[in-house]
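Worksheet: one structure, shown below.
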Amino acid sequence: MLSSPLRRCILTQKVLPKDLMVQLKLARLPSQSTEPPRLILTPSSLLHPRFAPPMAGKGAHVMCSKDALDALARKGSYKRISSSASLPPITALKIQSQLARRVVQEAIMVGERVRSRPVLVDGGKRRECPVRRLGSLAELSKDGAEQESAGDMNLVAVVDLTEPEATIKDGPLSTLLPSDSSAPSIPVYHLAHFFKSALFPPNPSTTNFEEPSPRPSHLISSLRTPFDDLIALFAKRAARDSPTSTIPPPSDTEPLDSASLPIYAIYSPTSSLEPTAAEDVVPLLVALWRCRLWSGEGWTAEGDTE
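Under our numbering, the letters of the sequence shown match residues 1343 to 1648, in that order.
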């Protein structure tokens, strides 16, 4: 993320890596009257370019933070782009929706990248699955130091798609696994909280701000599918080849069905083993971290939004 191209934030005037920011572009909102179309600012380049090409036109960047966007709307700094432009109240919801959808898209891309790689790595060892389904988060907390690595794979993130009870108030988007080592703590992303206010589909021309938000089940299901498909693929390979694996495939007692607990550990191959394969999950990690930034949980070291 820190190596992405630098851009200047229109709100704070700080120069930051592009992956830490959100791009806003001018768009013309069609008018239903005889008045000319009005200019609005709408998020751009948040979705994967394979699924949604970037918008053309004039724009600017702002820190990837809901608080920053609120401050931008309050201070009117966006008028520097165009004095006649407006920032619709639904912009924050659209950004969150597209950040959530980007996570799903990157999960799909992880599956495609892994499938395109040879089954065997150098030395004839069978490739490990970068995704493992967990029975509970306790599996990681019991032996945290041992769970940080499995064979030639390093644990880099945990995705918890468990839907919270209706009586439970919103919690943090992410927590960190305790670690006794000097290595960075592993983030656990509780995405049901983040997904639940997503708008389907994020439409630049949407003006009905009172429309109720859908439940997060659709996004959760969309994210589970590429994870479960990848796990199933490696399970079939293991059943066919029957080699020993340090990250076991799902057993017959843990079927990949909609009732199983949706908690996934994301692993990355050690760079020394296969440098290019270690990058397969990086875009997914970036997409997850951007959700964390938007929620205001990842800006401690980067600065505030005022």
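The beta-carbon is built from N, C-alpha and C at its ideal position, and this holds for glycine as well.
A residue is called buried when at least 16 other Cβ atoms come within 10 angstroms of its Cβ; residue 1570 meets this threshold and is buried. Under the Cβ criterion (8 Å, minimum of three pairs), the region 1401-1417 counts as touching the region 1352-1364. DSSP places residue 1439 outside any beta strand (DSSP E); the residue lies instead in the alpha helix (DSSP H), whose first and last residues are 1433-1457.
Where residue 1367 is concerned, there is no enclosing alpha helix (DSSP H), although the beta strand (DSSP E) around it starts and stops at 1363-1371.
In terms of Cα proximity to residue 1481, the closest of 1536, 1459 and 1607 is 1607. Under the three-state reduction of DSSP output, residue 1388 falls in the coil class, being neither helix nor strand. Boundaries of the beta strand (DSSP E) around residue 1359: 1357-1359. It is roughly 30 Å from the alpha-carbon of residue 1457 to the alpha-carbon of residue 1540. Here residue 1604 is buried. Its C-beta has 16 or more other C-beta atoms within 10 Å. Using a Cβ distance threshold of 8 Å, residue 1449 and residue 1626 count as a contacting pair. From the listed residues 1641, 1633, 1503 and 1638, the smallest Cα separation to residue 1440 is found for 1633. Just so you know, the alpha carbons of residue 1432 and residue 1425 end up roughly 20 Å apart.
Measuring C-alpha to C-alpha distances from residue 1418 to each of 1496, 1503 and 1383 identifies 1383 as the nearest.
In this structure, the CA atom of residue 1391 is about 28 Å from the CA atom of residue 1528. Across the set 1447, 1462 and 1640, the C-alpha of 1462 shows the shortest separation from the C-alpha of residue 1619. The continuous alpha helix (DSSP H) containing residue 1412 extends over residues 1408-1417. Cβ atoms of residue 1470 and residue 1495 come within 8 Å of each other, at about 5 Å.
For residue 1515, same chain residues with a beta-carbon under 8 Å away, outside a window of 5 residues either side, are 1531, 1532, 1533, 1535, 1536, 1633, 1634, 1637 and 1639 in chain order. Residue 1430 and residue 1357 have their alpha carbons spaced roughly 25 Å apart. C-alpha of residue 1385 to C-alpha of residue 1477: approximately 37 Å in a straight line. Only residues of its own chain outside the window of five on either side were considered, and among them 1389, 1390 and 1393 have a CB closer than 7 Å to the CB of residue 1447, listed in chain order. Contact between residue 1473 and residue 1573 holds, since their C-beta atoms are separated by about 6 Å, short of 8 Å. Between residue 1348 and residue 1359, the CB-CB gap stays under 8 Å. By the neighbour-count criterion, in which a residue is buried when 16 or more other Cβ atoms sit within 10 angstroms of its Cβ, residue 1355 is exposed. Counting every other CB atom within 10 Å of its CB across the protein chains shown gives residue 1396 a total below 16, marking it as exposed. Taking each of 1609, 1583, 1577 and 1503 in turn and checking the Cα distance to residue 1564, the smallest one comes out for 1503. Residue 1411 places its beta carbon less than 8 Å from that of residue 1434. For residue 1619, there is no enclosing beta strand (DSSP E), as DSSP marks it with neither H nor E. Residue pairing by DSSP leaves residue 1566 without any beta bridge partner.
The Cβ atoms of residue 1445 and residue 1610 do not sit closer than 8 Å to each other.
Excluding residues up to 5 positions away in sequence, 1381, 1383, 1399, 1400, 1401, 1423, 1424 and 1427 lie with their Cβ nearer than 7 Å to the Cβ of residue 1368 in the same chain.
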